[in-house]
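Novice: One structure, as structure tokens, below. Some questions next.
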Amino acid sequence: MLSRLTRLQAAAVCAVPVVALIGTAVLAPLPFSVAQPGLTANVLGDNQGTPVITIAGAPTRTTGGQLRMTTIEATGPDARVSLGDVIGNWFRTDRAVLPRDSVYPSGDNVKEIEQHNTEQMEQSQDAATQAALKYLNLGADKVKVTLKLADVGGPSAGLLFSLGIVDKLDGNGSGGDLTGGKNIAGTGTIGVDGTVGAVGGVALKTQAARRDGATVFLVPRDECADAKAELPKGLRLVPVTSLKGAVAALVALEKGKNVPAC
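Count the sequence shown with the working numbering and you get residues 459 to 720, in order.
Shown next, in the form of structure tokens:
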């Protein structure tokens, strides 16, 4: 039958399945997630009406300034992300297209992923508490720290939790605020030994931080390049590798001394 058609007719007939295939490809779900700047929360204050950090067994101080943990917000693990979504968000500076497996554990259902993220947050909180108390030479048997942050999972708030505990117990070590009254934001995992680790999504987190008023952003040193890629104006990057180094950098910043830079 095709042999009896004119070239124009044949081209029109062939175009139908091609268009259909392109349309199917645009609408078909792909193994990606689309992320954007998420919420931030001041760990020195309240979150949904509850103090983020509560300490018993040791005197605490009234703090000034802010220490804001940052997040990214990604499409859910069961969300349908099409080729159109990928193309539409690929070149946006306030969006990131990421392999779904880099955001969510592969093969897990939604409930299992939520449980995994909750467990990571709990482990991060435990490590943050131990690292902070170890830094201050305080025993966990006498000082009880409770950390509560609703609707946030994963380990990336570890550094900010530790800094918040240090600020509430000791400030800058000389009677002042660790923040120097500034709005400080940041990200990074924390080990029991105080080591700061990389987290991912930093370029989006800096945007969330600046959106919510931060002027300084603490970033794991290994992620300096990513943080600089889409750095908002008015936000200063301070690379860190440890809790001790982060505290020292904030104290130096408060006193107008030189601090590390990316």
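Using N, Cα and C, we set each Cβ at its ideal position, and we do this for glycine too.
Predicted model, so just to flag it, every value in this text is computed and none were measured.
Arg-694 by DSSP, collapsed to three states: which one?
Specialist: Note: Arg-694 maps to strand in three-state DSSP.
Novice: Classify Lys-686 as helix, strand or coil using the three-state DSSP reduction.
Specialist: DSSP places Lys-686 in helix when its eight states are reduced to three.
Novice: Which one of Leu-636, Cys-682, Arg-668, Gly-671 has the shortest CA to CA distance from Gly-655?
Specialist: Looking at the Cα atoms, Cys-682 is the closest of the given residues.
Novice: Excluding five sequence neighbours on each side, which residues of the same chain lie with their C-beta closer than 6 Å to the C-beta of Ala-590?
Specialist: Ser-620, Ile-623, Val-624.
Novice: Select from Ser-491, Ala-704, Leu-497, Pro-489 the residue whose C-alpha is nearest the C-alpha of Arg-668.
Specialist: That would be Leu-497, whose Cα lies nearest to the Cα of Arg-668.
Novice: Going by C-alpha to C-alpha distance, which of Asp-684, Lys-686, Ala-710, Phe-490 sits closest to Ala-532?
Specialist: Ranking Asp-684, Lys-686, Ala-710, Phe-490 by Cα distance to Ala-532 puts Phe-490 first.
Novice: Would Gln-494 and Ile-642 be called neighbours here (beta carbons separated by less than 8 Å)?
Specialist: Result no, Cβ atoms of Gln-494 and Ile-642 do not sit closer than 8 Å.
Novice: Determine whether the beta carbon atoms of Val-677 and Thr-645 lie at a separation below 8 Å.
Specialist: Yes, they are a contact pair.
Novice: For Thr-604 and Glu-580, what's the separation of their Cα atoms in angstroms?
Specialist: So the two alpha carbons sit approximately 11 Å from each other.
Novice: Three-state secondary structure (DSSP) at Leu-583?
Specialist: It should be noted that the sequence gives Gln, not Leu, for residue 583. Helix, per DSSP.
Novice: Using only alpha-carbon positions, find the residue among Asn-500, Ala-666, Ile-571, Thr-529 that is nearest to Pro-535.
Specialist: Among Asn-500, Ala-666, Ile-571, Thr-529, the Cα nearest to that of Pro-535 is on Ile-571.
Novice: Among residues of its own chain, excluding the 5 on either side of Leu-596, which ones have a beta-carbon nearer than 8 Å to its beta-carbon?
Specialist: Cβ within range, chain order: Ala-516, Leu-627.
Novice: Assuming Asn-575 and Gly-612 form a contact by the criterion Cβ under 8 Å, report the distance between their Cβ atoms to the nearest whole angstrom.
Specialist: Correct: roughly 5 Å between the Cβ atoms.
Novice: Distance check for Leu-607 and Gln-573, CA to CA, integer angstroms please.
Specialist: Their backbone Cα atoms lie some 15 Å apart in a straight line.
Novice: Using only the alpha-carbon positions, how far apart do Val-717 and Gly-639 sit?
Specialist: Distance between the alpha carbons of Val-717 and Gly-639: 17 Å.
Novice: Do you know whose CA, among Gly-652, Ala-537, Gly-692, lies nearest Gln-665's CA?
Specialist: Looking at the Cα atoms, Gly-692 is the closest of the given residues.
Novice: Quick one, are the C-beta atoms of Ala-687 and Ala-719 less than 8 Å apart?
Specialist: No, Cβ-Cβ distance for Ala-687 and Ala-719 is not below 8 Å.
Novice: Pull up the DSSP beta-bridge partners for Ile-653, would you.
Specialist: The amino acid occupying residue 653 in the given sequence is Thr; Ile does not appear at that position. Bridge partners of Thr-653: Ser-700.
Novice: For the candidate residues Pro-690, Thr-653, Arg-694, Ala-672, whose alpha-carbon lies nearest to that of Ser-700?
Specialist: Answer by Cα proximity: Thr-653.
Novice: For Ile-511, tell me which candidate among Asp-584, Val-650, Lys-702 has the shortest Cα-Cα distance.
Specialist: Of the listed residues, the one whose Cα sits closest to Ile-511 is Asp-584.
Novice: For Ala-598, count neighbouring Cβ atoms within 10 angstroms of its own Cβ and tell me buried if that reaches 16, exposed if not.
Specialist: The residue in question, Ala-598, is exposed, as its Cβ has fewer than 16 Cβ neighbours within 10 Å.
Novice: Between Gln-506 and the rest of its own chain, which residues show a CB-CB distance below 6 Å, the 5 nearest in sequence each way excluded?
Specialist: Correct list, in chain order: Ala-608.
Novice: Looking at the strands, I want to know which residues DSSP matches up with Ala-499.
Specialist: Note: Ala-499 sits in a beta bridge opposite Met-527.
Novice: Whose CA, out of Val-492, Tyr-562, Asp-635, lies closest to the CA of Thr-551?
Specialist: Among Val-492, Tyr-562, Asp-635, the Cα nearest to that of Thr-551 belongs to Val-492.
Novice: In this structure, does DSSP put Gln-784 in helix, strand or coil?
Specialist: There is no way to answer for residue 784, as the model of the chain reaches only from 459 to 720.
Novice: State yes or no: is the C-beta of Arg-526 within less than 8 Å of the C-beta of Ala-499?
Specialist: Going by C-beta atoms, Arg-526 is nearer than 8 Å to Ala-499.
Novice: For Trp-548, which residues in the same chain have their Cβ closer than 7 Å to its Cβ, ignoring the five residues on either side in sequence?
Specialist: Around Trp-548: Val-555.
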